[in-house]
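When the letters of the sequence shown are read in order and numbered with mature numbering (1 follows the signal peptide of the UniProt record, and there is no 0), they come out as residues -25 to -1, 1 to 69.
Note that the Cβ used here is the ideal one computed from N, Cα and C, for glycine as well.
These numbers come from a predicted model, not from an experiment.
Read through the structure below, which is laid out as structure tokens, and then see the notes.
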Amino acid sequence: MAASKGNAAAACALVLVLLAVGAEAQGGGGGGECVPQLNRLLACRAYAVPGAGDPSAECCSALSSISQGCACSAISIMNSLPSRCHLSQINCSA
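Next comes the structure, spelled out in structure tokens:
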């Protein structure tokens, strides 16, 4: 039960991040074309939790359809979230 609540919370967090990234890209001028591309990544939400199996074909297809510019913008925006929320930067290399 706790694992399913954790998975649901992680999936919900992914959805919120994608929505925030899409809104930021759309409001950032010239990034409106990224919103539909990023929305397709919702197909990957089941894969975005620890312990998930392989991504679905739909997820892989969605990922392959994202332009490099949109992918880089999304990664940059996600990396800036901790500082914009006044939190410590996350270090995943440890």
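Rounded distance between the beta-carbons of residue j and residue i, thought under 8 Å
i, j, result
"Ala27", "Ala21", "6 Å"
"Ser38", "Leu16", "Before going on, a small fix: residue 38 reads as Leu here, not Ser. With 8 Å as the limit, Leu38 and Leu16 qualify as a contact, their Cβ atoms being about 7 Å apart."
"Ser48", "Cys9", "6 Å"
Burial state of residue i, where buried means 16 or more other Cβ atoms lie within 10 Å
i, result
"Ala(-24)", "Caution applies to Ala(-24), whose pLDDT of 48 falls short of 50 and renders its modelled position unreliable; the value that the coordinates give is listed next. It counts as exposed."
"Gln12", "buried"
"Ala32", "exposed"
For residue i, the three-state DSSP class (helix, strand or coil)
i, result
"Ile52", "helix"
"Met(-25)", "Residue placement at Met(-25) cannot be trusted, given a pLDDT of 45 that sits under 50; what the coordinates show is reported in the next sentence. Residue state, collapsed to three classes: coil."
"Ser63", "coil"
"Ser58", "helix"
Whole runs of the beta strand (DSSP E) within the stretch 5 to 48, excluding any shorter than 3 residues | none
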